[in-house]
Amino acid sequence: MAFLALSLAGVPASGLVLYFDGSGQRSITLRVGSNDAIVNNVTFDVLNADVAPTPTPVTGVAGNGAPAVNPAGGVLFVVSTNRRGGGADVVRLTANSSAGLTCSSGVCLGAGITIPFSTISWTSYEILGGGFASGIPSGTFTGAAAQTLFTNTVPAGNDSLIATNVLLFQYANTTLYPSGTYTGRVTYTLTVP
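Using this note's numbering, read the sequence shown as starting at 1 and increasing by one per residue.
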């Protein structure tokens, strides 16, 4: 049995994108999972039945204080901006998944094995459970240090936006790795010029 854990870290701080004329201080906020300083985890529990006779993908389950969402086991992502000025701006969300998942305990320990994050994909859902309409689209990590997940141009005259999605993660399970616990972290960065 192998156990994979994916930590999701965002800037401290579905599919709905709203533009509005905001007021107050210029700000950007990225919420990944819980609305506090806790780094939420997604766990993929790869059982013997998932490996033989035919490997099957394994859906992750969010934990470590992640809020309940629809669909269950997903991770809430909220991108929000409050900016001043009339010109258009580009809001960009990137992910750094370059480090991969490394063995932290089990048979794999000492083998120097790293599972690439490119084995993990996600399906994007609306905040209330429907299929993806807008915001962060479904995709797969590339293992890059700055993979663009979401780009949105806020039109001139609109000061702010909110984009909300629930991402349900899945491990491809196409390669047989030595059993153990593998851990890694994806770091998300939200930028607005």
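C-beta atoms are modelled at their ideal positions from N, C-alpha and C, and glycine is treated no differently.
Computed from a predicted structure; not experimentally measured.
- With contacts defined by Cβ atoms closer than 8 Å, Ala99 and Arg185 form a contacting pair.
- In the structure shown, Ala49 falls within a helical segment according to DSSP collapsed to helix, strand and coil.
- In this structure, Asn41 lies away from Val166, with their beta-carbon atoms at least 8 Å apart.
- For the options Gly143, Ala37 and Phe77, the alpha carbon positioned closest to that of Leu101 is the one of Gly143.
- Proximity to Cys108 across Leu176, Ala88 and Ile38 peaks at Leu176, based on C-alpha coordinates.
- With distances taken between CA atoms, Ala172 lies nearest to Asp50 out of Thr29, Gly135 and Asp50.
- DSSP places Phe44 within a strand segment (E or B) once states are collapsed to three.
- Per DSSP, the unbroken beta strand (DSSP E) holding Asp89 starts and ends at Asp89 to Asn96.
- Taken through DSSP and simplified to helix, strand or coil, Phe117 comes out as helix.
- Within the model, the alpha-carbon separation for Thr148 versus Val46 is close to 28 Å.
- Pairing Ile38 with Thr81 gives a Cβ-Cβ distance that is not under 8 Å.
- Taking 8 Å as the cut-off, the beta carbon of Val192 is found closer than this to the beta carbon of Val91.
- Put simply, the backbone Cα of Ser179 is about 17 Å away from that of Phe117.
- According to the DSSP assignment, Leu76 belongs to the beta strand (DSSP E) that extends over Val75 to Asn82.
- Here Thr164 is buried: its Cβ has 16 or more other Cβ atoms, across all protein chains shown, within 10 Å.
- Between the alpha carbons of Val78 and Leu93 lies a gap of roughly 11 Å.
- In the DSSP assignment, Val61 is bridged to Thr43.
- The straight-line gap separating the alpha-carbon atoms of Pro53 and Thr174 is approximately 12 Å.
- If you draw a straight line from the Cα of Thr181 to the Cα of Thr151, it is about 34 Å long.
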